[in-house]
Amino acid sequence: MLQTVSFAGLEFSPLVVLLPVAFLLVAATRFILHWLHLRERIWKVAWFEVALFFCYLAATVYLLGGR
Amino acid sequence: MMKTMRVLVTVLLVLIAGGAGSWVWNDYMYSPWTRDGRVRADIITVAPDVSGWVTKLDVRHDAVVKKGQLLFQVDAQRYHAALAKSEATAENEKYALALAQHKYERRKQLVKSQSISAEDLEVARINTQIAEANYKLALAELETAKLNVNRTKIYAPESGNIINLNLRQGNYVSQGVPVLAIVKADSFYVTGYFEETKLPLIHLGQHATVTLLGGGELTGEVASIGRAIANTNTQSDNQLLPQIQQTFNWVRLAQRIPVDIKLASVPQDIRLSAGMTVSIHLSEQ
Chain L
1 MLQTVSFAGL EFSPLVVLLP VAFLLVAATR FILHWLHLRE RIWKVAWFEV
51 ALFFCYLAAT VYLLGGR
Chain V
1 MMKTMRVLVT VLLVLIAGGA GSWVWNDYMY SPWTRDGRVR ADIITVAPDV
51 SGWVTKLDVR HDAVVKKGQL LFQVDAQRYH AALAKSEATA ENEKYALALA
101 QHKYERRKQL VKSQSISAED LEVARINTQI AEANYKLALA ELETAKLNVN
151 RTKIYAPESG NIINLNLRQG NYVSQGVPVL AIVKADSFYV TGYFEETKLP
201 LIHLGQHATV TLLGGGELTG EVASIGRAIA NTNTQSDNQL LPQIQQTFNW
251 VRLAQRIPVD IKLASVPQDI RLSAGMTVSI HLSEQ
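Heads up: the protein sequence lines correspond to chains L and V, in order.
Per UniProt numbering, residue 1 is the first one in the first sequence, and the count goes up by one each step.
Per UniProt numbering, residue 1 is the first one in the second sequence, and the count goes up by one each step.
The following block contains the structure:
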C-alpha cells in the first residue's frame with residue numbers, strides 16, 4: 001500500500017497524496033449535501049467541514065497506508 | 001428538537017475528528033517506522049600480503065567470484081629467490097648443528113680421559129645449543145619464505161561480487177594496501193535509523209516490512225539495536241577542553257539509532273545493491 005511516494009528519485013511522505021484525497025472527499029461531501037439541501041441545516045458548517053476533513057484524513061491513512 | 005439534533009451532529013463529528021487526528025499524529029510520530037533506511041552488505045577489502053608487480057589479473061569489475069578463486073598474481077621471482085636462499089641457509093645451519101653435536105659427543109669422551117677441561121666441554125655443549133637455535137631460526141625463515149611465495153597468488157576469501165576494481169595487470173601493489181573489494185554473496189541486510197523516541201517500541205525479533213525506493217517489498221526481523229552513536233560533545237580541542245555544541249533553546253532533534261534488519265529472503269526479481277534507500281515498518285507487537 002501507500003507507504004512512500006517516490007517521484008523522480010525524490011521520496012515524499014504519503015500525506016502528499018492522502019491530504020488531497022481527504023480534501024477531495026470533503027469537497028464531494030459538501031457538494032452532495034448542498035445538492036440534497038442538507039448543508040444549510042448544519043450547525044456551524046465550518047466546524048463540521050474541518051472535523052469531516054480530519055475524519056477523512058484518518059480514514060485514508062488507515063485504508064491506504066497499508067495498515 | 002431539530003436544533004438539538006443539528007448541534008449534536010456537529011459536536012459528535014468534532015469529537016470523532018479529535019480522536020481521528022490524535023490517531024494520525026500518534027501513527028506518524030510514535031509507531032515504529034522510518035523512511036531513513038539503507039541496504040547494507042558485508043564488504044571484504046582484499047589487499048596483497050606481498051608487494052610486487054601484478055603479473056596476472058583473473059577478474060573483471062563486477063564479476064562474480066567463488067570462494068578460493070584466483071583473483072590476481074604478484075610477480076614471484078623475488079620470493080622464489082628468497083626461498084632458495086632460506087633453503088640454503090637452513091641446510092647450512094643443519095650441518096652446523098650436526099658438526100656442533102659431533103664435537104660435543106667427542107669432547108664428552110675426552111673429558112673422561114681428562115684430555116680436556118670441564119670448561120671446554122661446557123663450551124662445546126653451549127655451542128651445540130647455539131647451533132640448534134640457529135637451525136630453528138633458519139627453519140622459521142624458510143617457512144616465511146614459503147608463505148611469501150604462496151601469498152603471491154591472491155585468492156577470493158569469500159564468494160561474492162568484485163567491486164571497485166581499479167587494479168590493472170602491470171600495476172605495482174604494496175603489502176597491506178587494499179586493491180579491490182568483494183561484496184559477500186547473500187550477506188545483504190538493512191539498517192534503519194530510527195528516532196530515539198521510537199526505540200521503546202522496537203525489540204529484537206520484531207517483524208519488519210522493508211519497502212525499496214525503487215519498488216519491491218522485503219520482509220525480515222530486527223537482528224540488533226545499536227548500543228552507541230557518536231557524540232560530538234565528547235570531542236576536545238588542542239587544549240583538551242571539551243567542545244560543547246550550541247543548541248537552540250526550543251528545538252531539539254531526536255538522535256537516530258541504527259537498527260539492523262536481517263532479511264528473510266530476497267526474491268529473484270529484486271536486485272539489491274548496498275547503499276539503496278528503503279523504508280522500514282516494524283510490526284507493533
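In this text, a Cβ means the ideal position worked out from N, Cα and C, and glycines have one as well.
query                                                                                                                  : result
Boundaries (first-last residue) of the alpha helix (DSSP H) holding K3 of chain V                                      : 2-30
Unbroken alpha helix (DSSP H) run spanning V61 of chain L, endpoints                                                   : 45-64
9 angstroms Cβ cutoff met for N161 of chain V and A63 of chain V                                                       : yes
Under the three-state DSSP convention, the category D75 of chain V falls into                                          : coil
V16 of chain L, enclosing alpha helix (DSSP H) - first and last residue                                                : 15-35
Where P242 of chain V sits in the DSSP three-state scheme                                                              : strand
Where T128 of chain V falls, given that 16 or more other Cβ within 10 Å makes a residue buried                         : buried
Cα-Cα separation, A88 of chain V to E132 of chain V                                                                    : 16 angstroms
C-alpha distance - Q235 of chain V paired with Q245 of chain V, whole-angstrom precision                               : 10 angstroms
Residue nearest to W43 of chain L in terms of C-alpha spacing, selected from V:A124, V:V11, V:L282, V:T34              : V:V11
Cβ-based burial, G192 of chain V [other Cβ within 10 Å; buried from 16]                                                : buried
Min CB distance W35 of chain L to chain V below 9 angstroms                                                            : no
Buried or exposed by the 16-neighbour rule on C-beta atoms within 10 Å, applied to V251 of chain V                     : exposed
Cutoff 9 angstroms: R38 of chain V Cβ touching any chain L Cβ                                                          : no
Option in L:L63, L:E49, L:V61 with minimal Cα separation from L15 of chain V                                           : L:E49
CA nearest to the CA of E91 of chain V, picked from V:L139, V:I163, V:V50                                              : V:L139
Whole-Å CB distance - N164 of chain V paired with L142 of chain V, under 8 angstroms assumed                           : That pair is no contact at about 37 angstroms.
L241 of chain V beta carbon less than 9 angstroms from that of T4 of chain L                                           : no
V61 of chain L classed as buried or exposed, judged by whether at least 16 other C-beta atoms fall within 10 angstroms : buried
CA-to-CA distance, S273 of chain V to V210 of chain V, given in whole angstroms                                        : 14 angstroms
7 angstroms CB neighbourhood of Y56 of chain L in its chain, flanking five on each side removed                        : A22, L25, V26
CB contact below 9 angstroms: A58 of chain L versus chain V                                                            : yes
Cβ of W23 of chain V within 9 angstroms of any chain L Cβ                                                              : yes
Top-ranked residue by Cα proximity to L10 of chain L, from V:L282, V:V278, V:E284                                      : V:V278
Nearest-angstrom Cα separation, counted from A100 of chain V out to D75 of chain V                                     : 39 angstroms
Short Cβ contact (9 angstroms threshold) for P48 of chain V with Q175 of chain V                                       : yes
Interface flag, I42 of chain L vs chain V, CB-CB below 9 angstroms                                                     : yes
Length of the line joining the Cα atoms of D260 of chain V and M5 of chain V                                           : 54 angstroms
Any chain V beta carbon closer than 9 angstroms to L63 of chain L                                                      : no
Partner residues on chain L for L282 of chain V, Cβ-Cβ distance less than 7 angstroms                                  : What L282 of chain V touches in chain L: nothing, since even the nearest Cβ is about 12 angstroms away.
Neighbourhood of P32 of chain V by C-beta, 6 angstroms cutoff - its chain only, sequence neighbours within 5 removed   : K198, L201, I202, L282
For V149 of chain V and S6 of chain L, the rounded distance between their alpha carbons                                : 54 angstroms
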